[in-house]
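A quick write-up on the structure given underneath.
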Amino acid sequence: MVKTTFARRARRATLAACAGAVALGLAACGSGGGSGDANPAEAVPSSAPIYIQATLRPDGELKTNTENALKKILKTDDPGAKIVQGLESGDNKVSFKDDIEPWLGNDAGLFFTSFSGDNPVGAAVVASSDNDKAQAFIDKQTKGGKDKSYNDTSYRLDGDTAVGIVGDYLVAGSERGFRTVVDTVNGDGVENMSQNDEYNTALSSVGEQDALGTIYVSTNGLIDALARSGGVPAQTLSGVRQAIASSGGRATVAKLGVTQDAIAIDAATLGVKQSSNAPAAGNAAAALAALPGDSWLGFGVSSIGDRLRSGLQQITQLGSVGGTDVSGQLDTIQQQLGIDFERDLFSWMGDGGLFVRGTSIAQIGGALVVQSSDPTATKSAIRKIARLIPQVSPTTDVSAATGVAGADDGIAVTPSGFPFPILLVTAGDKFVAGVSKQAVEAAISPTSKLSDSPSFKQASAALSGVDPTFFFDVQPVLTLADGLGAGDDPQFARVRSYLQQFGSVAAGSKRDGDTQRFKLVLTLK
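Those letters in the sequence shown? Residues -27 to -1, 1 to 498, by mature numbering (1 follows the signal peptide of the UniProt record, and there is no 0).
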């Protein structure tokens, strides 16, 4: 029991150190050894498949933006004090001001080298500005632990947690992880992460200068670590390796940053290959921007027909690896249903978008809008679907869609027990499948477009160089939740008070050579 309690306290103390300082941005202090500006990447082995680094004491514009964001989100003029209060609550028994602030440096890292059952190998590495005070903190938190030494480095061990000072770092983790840090810092034949070319290339692709935190994942390194752990079946890992070999992706890095009006995640995957069966180029961003202007949720998808075709091909290939004749099964299904996926569906489907709108039960609705390259084939597909549905679901009612302004042809499909029909209609070069007549009509001929929405414009600007293909507007959803009575729930009311500070979420991606970029932003009001 004592050992378990120690391990938990050590982990909590380390996490408290990291979490609290990210928000506070306090000035470094101390004089008992330790620089405070040591780079944790220099203490982490370059072979680590997962490495996370956090900026504990942001400065300059990043500090200003972080403080302003936290003031809005936490609704306080002193976010640091509020976070410290939360960290020091309960049975933590740690004072940030007395126990952590005096030695805490500018950055911290966390790495893993293997994953064996409940005991992954890795450690947290926190830069120290005062090693004497950091050691005093360790001694206070680890009473009852066992004193040990490795390569002239002393540390305290209790249970499966090793804690000690290595160079200018406080290190806490598994014993193997701790010893790896010792070997890395001492330069005992272990290359560190800052010398890893792939890691540095990945960081430069997203820019680390304004990062509150970064995470790096080596694809092959992670697979190798999982293989060594024995926790994942070899056949599964073999299939994953084959998929990666065909699609590429040597490493992925993601960065958390803060601007004046948004929180952003930038990610990049290196070494991505162009697949021979990749979807044709389309414009998902344009499909999203053309959706109705009052949509609070929207997706844009390019070349839907090509994507569906490519997806089936991948399923067929994976099935053959596992000894399953997926292709034969699909042929049988198509013959039984009297439909040809390629001719009747994939051939005419272009770019499309999916949206949801409405801030009350009476208004809520949504639709999928797909550009058709062959309206005649689209009408034919709807007729086939109309004949097919009663065969598959005899209790589902299928009738002609009437009274839908702007529609050329279509059907209304009402499953048994459903309170409203699902409309499938054609309108010029559009195919629309939606719930509620008003939503379908808005999809056919919107009075305004999402690209005209102020919240969409703000989110698009925050993406900075990446066109959005996903959009979610927070405020209309809060209005809808209030209308449904959620506002009467005290717990939701507390959550709502924080959500009111957010504007919208938007995301998009783009290809840059063999690098696939992805960006997500959460705007602030």
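All residues carry an ideal CB built from backbone N, CA and C; glycine is no exception.
Approximately 24 Å separates the beta-carbon atoms of ALA237 and GLY244; this is outside 8 Å, ruling out the contact. In the DSSP assignment, the residues bridged to LYS492 are ASP239, GLY481. Measuring C-alpha to C-alpha distances from PRO367 to each of GLY221, ALA359, LYS352 identifies ALA359 as the nearest. Note: LYS403 is bridge-paired with GLN344, ALA400 in the DSSP secondary-structure output. Counting every other CB atom within 10 Å of its CB across the protein chains shown gives PRO206 a total below 16, marking it as exposed. Secondary structure within the region 79 to 158: the beta strand (DSSP E) runs of 3 or more consecutive residues, fully enclosed, are 94 to 101, 119 to 123, 126 to 131, 134 to 139, 142 to 146 (chain order). Here TYR471 is exposed, its C-beta having fewer than 16 other C-beta atoms within 10 Å. The beta-carbon separation of ASP80 and THR28, rounded to 6 Å, stays under the 8 Å limit for a contact. Taking the Cα positions, GLY204 is about 10 Å away from ALA198. The C-alpha of VAL98 lies about 6 Å from the C-alpha of PRO13. By the criterion of at least three beta-carbon pairs nearer than 8 Å, the region 433 to 449 is not in contact with the region 404 to 413. In its chain, beyond the 5 residues on either side, THR28, LYS228, LEU229, GLY230 have a beta carbon closer than 7 Å to the beta carbon of ALA184. Annotation: the continuous beta strand (DSSP E) that includes ASP446 extends over 443 to 446.
Here the alpha carbons of THR399 and GLY271 stand approximately 20 Å from one another. The C-beta distance from ALA257 to ASP324 rounds to 6 Å, short enough to fall under 8 Å. Taking the Cα of VAL343 as reference, the smallest distance to any Cα among THR305, LEU310, LYS352 is reached at LYS352. The beta carbon of MET166 sits closer than 6 Å to those of ALA14, VAL17, SER19, TYR24, TYR172, all from its chain and outside the five residues before and after it, given in chain order. LEU327 carries a strand assignment under DSSP once its states are collapsed to helix, strand and coil. Exposed is the label assigned to PHE393, since fewer than 16 other Cβ atoms lie within 10 Å of its Cβ. Per the DSSP secondary-structure output, GLY180 pairs with nothing in a beta bridge.
When DSSP states are grouped into helix, strand and coil, ILE384 belongs to the strand group. When beta bridges are read from the DSSP output, VAL226 appears opposite TYR189, ALA241.
PRO265 is bridged by DSSP to LYS422.
Boundaries of the alpha helix (DSSP H) harbouring ALA42: 33 to 47, taken from the DSSP string. When C-beta atoms of the region 308 to 317 are compared with those of the region 472 to 488, fewer than three pairs fall below 8 Å, so the two segments do not count as touching.
Under DSSP, PHE393 shares a beta bridge with no residue. Residue environment analysis places ILE334 among the exposed positions, since fewer than 16 neighbouring C-beta atoms fall within 10 angstroms of its C-beta. For THR28, the pairing in a beta bridge is given by DSSP as ASP80.
Taking one beta carbon from each stretch, the region 410 to 425 and the region 450 to 465 have fewer than 3 pairs nearer than 8 Å; the two do not touch.
In the DSSP annotation of this structure, ALA373 is not part of any alpha helix (DSSP H); the continuous beta strand (DSSP E) holding it starts and ends at 370 to 373.
The Cβ neighbour count for SER275, taken over all protein chains shown within 10 Å, is at least 16; the residue is labelled buried. Under the DSSP assignment, LYS410 falls in the alpha helix (DSSP H) whose first and last residues are 410 to 417. About 6 Å separates the Cβ atoms of PHE151 and ALA96, confirming a contact at the 8 Å cut-off. Taking C-beta atoms as the reference points, ILE355 and ASP313 fail to come closer than 9 Å. Under the DSSP assignment, PRO427 falls in the alpha helix (DSSP H) whose first and last residues are 427 to 436.
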